[in-house]
Every structure is written in C-alpha cells, then in structure tokens.
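Colleague: The numbering used here puts the first residue of the sequence shown at 50, with every later residue one more than the last. Glycine included, each C-beta is placed from N, C-alpha and C at the ideal position. Quick caveat: nothing in here was measured; it's all calculated off a predicted structure.
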Amino acid sequence: MSKTESFKKYTPLEEKGKGEMVVICSAKGGVGKTVVSTNLAVALSKKKYKVALLDGDFQFGDLNVALNVIPNFTIKEAAEGLQFLDESTINTYLTSHLSGIKLLAAPEAPEYADLITPVALKKIYSVLLEEYDFVIVDTGVGLEEKTLQIIEDAHHIWIMSNLDITSIKNTRLMLDTLEKLQLGGKSKLIINNTSEVVIVGEKEAEDSIGKSIFSSLPYDDKTVTQSINYGTPFVLDSNYKKSIITKRVMNLATYISGKSNVDLKENIQSSKLSFFTDKIKKMTARSDINESITENRK
Ligand SMILES: Nc1ncnc2c1ncn2[C@@H]1O[C@H](COP(=O)(O)OP(=O)(O)OP(=O)(O)O)[C@@H](O)[C@H]1O
Ligand SMILES: [Mg+2]
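1) If distances are taken between C-alpha atoms only, which option among HIS205, SER309, PRO167 comes closest to GLU194?
2) Does ligand 2 have even one heavy atom less than 8 Å from the beta-carbon of LYS229?
3) Using only CA atoms, which one of PHE109, ILE139, ASP256 lies nearest to LYS328?
4) Along the beta strand (DSSP E) that carries SER264, what are the first and last residues, could you check?
5) Which residue spans inside the stretch 60-134 form an unbroken alpha helix (DSSP H) run of at least 4?
6) When we look at the beta-carbon of LEU192 and count the other beta-carbons within 10 Å, is it buried (16 or more) or exposed?
7) In the DSSP assignment, what residue or residues form a beta bridge with PHE183?
8) For THR196 and ASP187, what's the separation of their Cα atoms in angstroms?
9) Closer than 8 Å: is that where the CB of ASN242 sits relative to any heavy atom of ligand 1?
10) Considering only the alpha carbon of each residue, which of MET70, SER265, ALA76 lies closest to MET223?
11) Going along the chain, which residues of its own chain have a beta-carbon closer than 6 Å to the beta-carbon of MET50, five neighbours each way excluded?
12) DSSP three-state call for LEU153: helix, strand or coil?
13) Tell me whether VAL85 counts as near ligand 1, meaning its Cβ is closer than 8 Å to at least one heavy atom of that ligand.
14) Considering only heavy atoms of ligand 3, does any lie closer than 8 Å to the CB of LEU266?
15) Contact check, THR83 vs ASP111 under 8 Å by CB: the rounded distance?
16) Indicate the three-state DSSP secondary structure (helix, strand or coil) for LYS314 in the structure shown.
17) State the DSSP-derived secondary structure class of THR144, mapped to helix, strand or coil.
18) Does LEU177 come out as helix, strand or coil in the three-state DSSP assignment?
19) Quick test of your reading: LEU93 and ILE305, contact by CB under 8 Å. State the CB separation rounded to the nearest angstrom.
20) Taking 7 Å as the limit between beta carbons, can you name the residues of its chain near THR303, skipping five residues before and five after?
21) As an exercise, report each continuous alpha helix (DSSP H) stretch of at least 4 residues that is fully enclosed by the stretch 209-283, in chain order.
22) Note the first and the last residue of the continuous alpha helix (DSSP H) segment covering THR295.
23) Under the rule that 16 or more other beta-carbon atoms within 10 Å means buried, what is ILE73, buried or exposed?
24) Near VAL246, which residues of its chain fall below 7 Å by C-beta distance, leaving aside the five closest residues on each side in sequence?
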C-alpha cells in the first residue's frame, strides 16, 4: 500500500443521507472558520433549509459562544449514547438557535475530546445527514485524524486562509496533501480579510497556493467584531444587510444550495511582488512534511 493510500483508512459513508456536509477547515488558526461556518449555517437556514452546525473542534470549540447559546448537552453525551443514537434521539443533544439552526456543541472541556472516537463521529454525522439538508462542520486547525475523516466524507471542503505569508505557506501544504489524497476536486479555497492586505495580490496568492481563489471575504471589523460581541451572526442582523461580507456569505449559501451564477469574490489588488511566490515555493518544497502525516496514519 502506498503512503498516500494509507490515508484512506476510513471507508466512505455507505449510505448517504439526504443532506450534504460542508466542512470548513484551515491550516492556520484564527483565519475566520467560525465566522464563516456560523454565518453560512444561518444564511442557509434563512433560505428555508434545515441546517445542523457541528462543532468539530473537540478540544476548544466555541460555536456556543459565537451563537450565544448554552447547550444542555454536547457531542460528548451524543457519543456516550451512541448505541441508541438515531434520527429522533439525536435531537436531545442539539441546541436550538433563534435562527432555526441546531448546534451540536463541542464538549465542555478539552479532556473529553478523546471520547469522540472516529466511529462515534461517523455515526453522529451520518444520523444528522439523514435529518438535515445541510450539516456544516467547523473544525479545529490542521489535519488532525478526525478532521481528516470529516474531510473525506464531506461533500464540500472549504479551506480558509488569510493572505499573510505563514497562512499561505501552510495552506499550500494542506492543499498539496488533499491533492495527494485525491480530495482536491471537492476542495475550494476561501480567502478571508482581503482588504486588510496590501502585500499579496490575487495572482501571487493563487500562484503561491497553487489553487484558484473560489471566494474572498473582505476585512470588516465593524460587522464581524460587533456580531461576535453580541453573539448574533451578521447575516441575521438588519444593520449589516448591506455589508459586502453579508452579501458574500449569503451568496456562498446560494452557491451551496445549487446555484452557480453568484458573485463570490472581489479583485484583490496586485502588488507586483513576484519574489513572494518564489519564496513560498521554496518553503513548501518539502514533500517529506506530507509523507510524515501519511506515516502517522498507518
Ligand atoms: N472578515 C473579517 N473582518 C474582520 N474581522 C474578522 C473577519 N473574519 C474574522 N475576523 C476576526 O478574526 C478572529 C478570528 O475569527 P474566527 O474565530 O472565525 O477564526 P477561526 O479560524 O475560527 O479561529 P480558530 O482557529 O481559533 O478556531 C475573530 O475575532 C473575528 O472577529
Ligand atoms: Mg474557530
């Protein structure tokens, strides 16, 4: 078995439910996964879809904070009750948000993360996919084993990055790994905080990362920070209806619900700094990094 094949430890979902799973991940922390996953979930709910949001950061997930809800139960209890888990019992563990979405929150403390075994996780999202039109998964940083399992089973993989050099370097490595696993086809690159950045333009970013930008979201401190402080996703707040970031996320929801002709990105100013691309290429030329990940999954 080749090293790349050893990644394929999990069998794909055997019986696909009616729903589609969208996983939002990144190679670097703080790039906007939680902002996008919460607002995307609510945007889909506004379009009358039945949406579940799964906090896939089992150690430090904070979707309950982002949505300003207090869960009675979390994925830990769902995993503990695995034997009896089905389309009706799963509701016990979900927390309702005023938008209509249901949250399956992360465990209360990081030490419970290991109780969410890969088998339990698979059963949990399989059951959710039977009941919900969309299951949106916000993940922890990187390609941790359970994140990889979700990625393999997801219908859509959204890789988020900012345009700083470390974020770009790590995003490239992550995408290279997904390509090796033949998961590149269902992965899309989303750049966040664009207008904040003046050094890297769209072309340099695409050349450096080796993938075209599918969508970009502008830096918008007022909309994003206030929505986080109030615990209200900005797509729900009429004050921010006209913000570009609100329209973009609504368009991402339109795209994911099957319509392709929507505005998903802006022109990111070019900086003419071609040395940047060469620098990233040198930094990501270490194929042994990916090999070591595959080794670990043997
Ligand atoms: N487009 C944006 N404009 C302004 N601020 C933003 C934007 N996107 C994210 N932020 C800010 O960046 C911070 C990190 O965002 P977020 O929590 O969504 O990142 P994350 O990828 O989920 O982080 P982690 O890896 O820690 O889970 C938040 O405080 C948020 O306010
Ligand atoms: Mg987060």
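Modeller: This is what the structure holds:
1) Position 145 of the sequence shown holds residue 194. With distances taken between Cα atoms, GLU194 lies closest to PRO167.
2) Locating residue 229 in the sequence shown gives position 180, where the first residue counts as 1. Checking every heavy atom of ligand 2 against the Cβ of LYS229, none is found closer than 8 Å.
3) What you label residue 328 is simply residue 279 of the sequence shown in a count that begins at 1. Ranking PHE109, ILE139, ASP256 by Cα distance to LYS328 puts ASP256 first.
4) Position 215 of the sequence shown, counted from the first residue, corresponds to residue 264. Start and end: 262-266.
5) 82-95, 112-116, 124-129
6) Here residue 192 refers to the residue found at position 143 of the sequence shown. Buried, since its Cβ has 16 or more Cβ neighbours within 10 Å.
7) Position 134 of the sequence shown, counting from 1, holds the residue named residue 183. In the DSSP output, where bridge partners are listed per residue, PHE183 has GLU69, VAL100.
8) Counting from one through the sequence shown, the residue named residue 196 turns up at place 147. Counting from one through the sequence shown, the residue named residue 187 turns up at place 138. Cα-Cα distance, rounded: 10 Å.
9) In the sequence shown, counting from the first residue as 1, residue 242 sits at position 193. At least one heavy atom of ligand 1 is nearer than 8 Å to the Cβ of ASN242, so yes.
10) Within the sequence shown, numbered from 1, the residue matching residue 223 stands at position 174. It is ALA76 whose Cα lies nearest to the Cα of MET223.
11) Residue mapping note: residue 50 aligns to position 1 of the sequence shown, counting from 1. For MET50, the predicted structure reports a pLDDT of 42, less than 50, and the residue's modelled location is therefore unreliable. A value from the coordinates is still provided. If we look at MET50 and ignore the five residues flanking it on each side, it has no Cβ neighbours.
12) The residue you call residue 153 lines up with position 104 of the sequence shown. Residue state, collapsed to three classes: strand.
13) On the sequence shown, position 36 is the one that residue 85 refers to. Yes.
14) With respect to ligand 3, the structure offers nothing, as its ligand set consists of ligand 1 and ligand 2.
15) Your numbering for residue 83 matches position 34 in the sequence shown. Your numbering for residue 111 matches position 62 in the sequence shown. That belief holds up - the Cβ atoms of THR83 and ASP111 are roughly 7 Å apart, short of 8 Å.
16) Working through the sequence shown from its first residue, we reach residue 314 at position 265. LYS314: coil per DSSP, three-state reduction.
17) Translated into positions along the sequence shown, residue 144 becomes position 95. The answer is strand: DSSP assigns THR144 an E or B state.
18) The sequence position of residue 177 within the sequence shown is 128, counting from 1. Of the three classes helix, strand and coil, the one that applies to LEU177 here is helix, per DSSP.
19) The residue given as residue 93 occupies position 44 in the sequence shown. The residue given as residue 305 occupies position 256 in the sequence shown. Yes, they are in contact, since the Cβ atoms of LEU93 and ILE305 sit about 7 Å apart, within 8 Å.
20) Here residue 303 corresponds to residue number 254 of the sequence shown, with the count starting at 1. Around THR303: VAL311.
21) 214-229, 251-258, 270-279
22) Here residue 295 is taken as the residue at index 246 of the sequence shown, counted from 1. Unbroken alpha helix (DSSP H) run through THR295: 293-305.
23) Your numbering for residue 73 matches position 24 in the sequence shown. Buried, by the Cβ-count rule.
24) As a first step, residue 246 must be located in the sequence shown, where it is residue number 197. Note that VAL246 has pLDDT 49, beneath the 50 cutoff, so the model's placement of it is unreliable and the number below is only indicative. So the qualifying residues of the chain are LEU212.
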